[in-house]
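Residue numbers (my numbering): 6 to 317. All C-beta atoms, glycine included, are put in the ideal place defined by N, C-alpha and C.
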Amino acid sequence: MPKRVKVSELVQQFQLELLAGEDGLKRGITVDDLYRPGLEMAGYFHYHPNERVQILGRTELAFLETLDTEERVDRLERLCDPETPCIIVTRGLSAPQELLERAEEKSIPVLRSGVATTSLISRITNFLEKKLAPTATIHGVLVDIYGIGMLITGSSGIGKSETALELVKRGHRLVADDAVEIRQMSDGQLHGAAPELIRHLLEIRGLGIINVMTLFGAGAVLSSKRISVVIKLENWQQEKQYDRLGLDEETTRIIDTEVPLITVPVRPGRNLAVIIEVAAMNYRLKRMGYNAALQFTNKLTETIADDIDDYE
């Protein structure tokens, strides 16, 4: 079932004034796009996206004033489609009486905001995008390391929380422990956050639950973060071949987005916090166009080629 945001939530979030259609406040908004019906005011209703929130600004209302009464009533009648969740008038402008009458008949909420049209559209779009974004909950720890969101995954008891604690001690920031709520934004980016109940908390086996913000301060936590890299911790398997150069780039799918995956084998003596810290720095270098592994292989190839030439 698709996600829905009630019109009443929109009213509360943006302090909108209700002008008509109170019975429709429970209507659901299912898309994060808004629409300014400019062509529709001119009578062109083909391909009209009636499932979107309709925005009437100064331009649309000024054009309506140029129409005779019969045309204006016809356009507003067609604008008040049963599928339309609500209509918002911006800049504190007055809504046409014909609109209020038809909206009241069809229980379509007509709302008013004092905010400028472009600004209001941007704010509501961002709000709906977050509310309607596809979500998933993943068992793991999300840490902000040098500005890079690192999602640490692995089997229970492998040391994810202990590694996160060491990273926090080294000056990095905890976003979520144990359960990470992930939202996929419209541009494909993944944003992770902690559930409200366990926000800022970290569970350390043998020690219990600690509050990271209380112990280390507000600078040690973050409410949400874009996920850039997934670190998978797994027990060292002697028979498994692990990447030793860094040329093989793996990815993993979260919701519908592919994310770089780094598998880190765990065994006594390995400092996981430092390894993950360096992985974050190396990721930043790759984004800047520098790949140490690729540079090494290129130099090695050149050296071998020179040796062959000398031998010949």
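What is the DSSP secondary structure of Tyr288, counted as helix, strand or coil?
helix
Quick check: the Cα distance between Gly213 and His196, rounded to an integer number of angstroms?
27 Å
Answer yes or no: do Arg83 and Phe50 have a C-beta to C-beta separation smaller than 8 Å?
Yes, the Cβ-Cβ distance between Arg83 and Phe50 is below 8 Å.
Closest to Leu98 by C-alpha separation, out of Thr64, Asn55, Glu110, would be which residue?
Thr64
Skipping 5 residues on each side, what residues in its chain have a beta carbon closer than 8 Å to that of Arg175?
Ala278, Glu282
Assigned secondary structure, Thr262 (DSSP; H/G/I helix, E/B strand, else coil)
strand
To the nearest whole angstrom, what separates the beta carbons of Thr158 and Val235, a pair I think is in contact under 8 Å?
Sure, about 6 Å apart at Cβ, within 8 Å.
Leaving out the 5 sequence neighbours to the left and right, which residues in its chain are closer than 7 Å to Met190 when beta-carbon positions are compared?
Glu134, Ala138, His196, listed in sequence order.
So what's Glu13 in DSSP terms, helix, strand or just coil?
The question names Glu, yet the displayed sequence has Ser at residue 13. Ser13 falls in the helix class under three-state DSSP.
Rank Phe221, Leu69, Glu208 by C-alpha distance to the C-alpha of Arg178 and give the top, closest one.
Phe221
Can you tell me where the beta strand (DSSP E) with Lys237 in it begins and where it stops?
234-240
Compare the beta carbon distance of Ile203 and Leu156 with 8 Å and say whether it is the shorter of the two.
no
So the candidates are Ile215, Ser13, Val226, Arg107; which of them puts its Cα closest to the Cα of Ala199?
Val226
When you compare only the Cα positions, how much space is there between His53 and Val173?
51 Å
Measuring straight from C-alpha to C-alpha, what distance separates Ser127 and Gln243?
When rounded, the distance between both Cα atoms is 54 Å.
For Lys8, name the three-state secondary structure that DSSP assigns.
Reduced to three states, the DSSP call for Lys8 is coil.
On the DSSP letters alone, give me the boundaries of the alpha helix (DSSP H) that Arg83 sits inside.
74-84
Endpoints, beta strand (DSSP E) assigned at Val148
140-150
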